[in-house]
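As structure tokens, the structure follows; a few thoughts come after it.
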Amino acid sequence: MYSVKHMQTFCAVVEYGGFVGAESVLGMSQPAISTHIRDFEVRLGFSICHRGRSGFGLTEKGEVVYRRCREMLNSFSDLEAELGSLRNMLTGTLRVGLVDNTITNTEVPMPDAIHRFFERSSQVSLRLAVLPPEELERELLNGNLHLAVGPFQKRHPALSYQPLYTEEHRFYCGRRHPLYEVDSAGLSLERVGSYPISSRTYVQQAEMPLIRPYLGAAFVSNMEAQAMLIRSGRFLGFLPVHFAESWVASGEMKELALPELRWHSEFCLAMRTIPAPHEVVRVFVDDLVSSLGLQIGGR
């Protein structure tokens, strides 16, 4: 019969992109990892992954096995946390999600919350995932995350959303763009809209209606890609002020300062409504909201 070790090894290989990526996290050599995976396949009775010169990849059955193994490992971790709370101990694995590049926003309390949490005596390990908002919600729903912080445009009925803070967005062009040398008096929505626009897919419903009409649009999945297109001088686009700040200071970008092209996104703490969070999650949420000077649910 296969063991928890088989599942942990397999999940690590999948999540770290192959045997090489999983070496350090597992503390195992590639041959040892390969032996574990091969033994797992023998016990299952079918192949779960491709490996070779073409790289690592899951088979169709391997995709199913991975999902089930991850669910079971998450359940084991949550059980460990619940049993730990009965012993008045914090234990298990805390699974937290964030959107990309929040580290440049000095108002984000996540570093403070992590510091507060690990000041306590605990046996908790932390898994921190950085994903687009729609993927954060999906990972919450399937139990791979306990909580996530991001700008969630769509609200899933199985999740709760608690506002935490807002993030200001402004409209930028790169140094090589024709509008870079145009002063504010020479700008208008019509003139801006005559150039191609870039937008992040997870906020396009908020951004694109601000510019009507527009010549055309490119869509990206994260802020880094958005900044790259803006800096190319071929696209205009919105960015959070904190993220654009360094390029503005260096002259690589400038804001096209039309009042109509400024907006704020609301960042929320998202969690599943069922089941109720266990003690490790509740303690971390308390640390997170305390770092912002907020209160949630009468805490």
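This note's numbering puts the sequence shown at residues 291 to 589.
A virtual CB, placed ideally from N, CA and C, is assigned to each residue, including glycine.
| field | At least three beta-carbon pairs within less than 8 angstroms, the segment 431-446 to the segment 559-568 | value | yes
| task | Report, in whole angstroms, the separation of the C-beta atoms of Val510 and Ser488, which I expect to be a contact under 8 angstroms. | result | 6 angstroms
| field | Residues of its chain near Thr392, where Cβ-Cβ distance is below 6 angstroms and the 5 sequence neighbours each way are ignored | value | Val398
| Mapping DSSP to helix, strand and coil, what is Pro530? | strand
| Close beta carbons around Glu550, own chain, < 7 angstroms, minus the five adjacent residues each side | Leu479, Leu500
| To the nearest angstrom, how far is it from the Cα of Val303 to the Cα of Leu316? | 9 angstroms
| query | Among residues of its own chain, excluding the 5 on either side of Ala508, which ones have a beta-carbon nearer than 8 angstroms to its beta-carbon? | reply | Pro486, Ile487, Ser488, Ser489, Leu519, Phe525
| Whose CA, out of Val355, Leu384, Glu545, Ser324, lies closest to the CA of Leu369? | Leu384
| Ends of the beta strand (DSSP E) at Phe330? | Phe330 -> not in any beta strand (DSSP E); alpha helix (DSSP H) instead, spanning 320-334.
| Can we say the segment 456-471 touches the segment 533-546, given the rule of at least three CB pairs closer than 8 angstroms? | yes
| query | Residues in its own chain within less than 6 angstroms of Ser581 by CB, not counting five upstream and five downstream? | reply | Pro399, Asp402, Ala403
| In angstroms, rounded to a whole number, what distance separates the CA positions of Arg481 and Val420? | 36 angstroms
| said: Just list the residues that DSSP pairs Arg460 with in beta bridges. | reply: Leu529
| message | Which residue wins for smallest C-alpha separation from His296, given the options Gly311, Val571, Leu363, Leu578? | response | Leu363
| Looking at the structure shown, is Gly307 part of a helix, part of a strand, or coil, going by DSSP? | coil
| field | Helix, strand or coil at Met518 according to DSSP, with G and I counted as helix | value | helix
| task | To the nearest angstrom, report how far apart Gly523 and Ala517 are at their CA atoms. | result | 10 angstroms
| query | Where does Val315 fall in DSSP's three states? | reply | helix
| request: Counting only the same chain and skipping the five closest in sequence on each side, list residues whose C-beta sits under 7 angstroms from that of Leu505. | output: Gly483, Ser484, Tyr485, Pro486
| request: Tell me, please, which residues DSSP counts as bridged to Tyr485. | output: Tyr485 is not bridged to any residue.
| message | So, for Ser324: in the same chain, excluding its five sequence neighbours on each side, which residues have a beta-carbon less than 8 angstroms away from its beta-carbon? | response | Phe309, Arg341
| query | Bridge partners of Ala508, per DSSP? | reply | Ser488
| For Met379, which residues from the same chain have a beta carbon less than 8 angstroms from its beta carbon, with the 5 sequence-adjacent residues on both sides left out? | Ser412, Gln413
| query | Can you give the beta carbon distance from Thr394 to Phe533, rounded, assuming they're within the 8 angstroms contact cut? | reply | 5 angstroms
| task | Rounded to whole angstroms, what's the CA-CA distance from Ala322 to Gly433? Just pull it up for me. | result | 29 angstroms
| CB Pro422 to CB Phe442, shorter than 8 angstroms? | no
| Among Gly352, Arg343, Ser314, which has the Cα closest to the Cα of Arg328? | Gly352
| field | Bridge partner(s) assigned by DSSP for Cys558 | value | Gly440, Pro453
| query | If you run the structure through DSSP and keep just helix, strand and coil, what is Ser416? | reply | It is worth fixing the name first, because residue 416 is Leu in this sequence and not Ser. Here Leu416 sits in strand by DSSP.
| field | Cβ neighbours of Thr396 in the same chain (closer than 8 angstroms, five flanking residues each side left out) | value | His532
| message | So, with DSSP's three-state summary, where would you put Thr340? | response | According to the sequence as given, residue 340 is His; it is not Thr. Three-state DSSP puts His340 in a strand.
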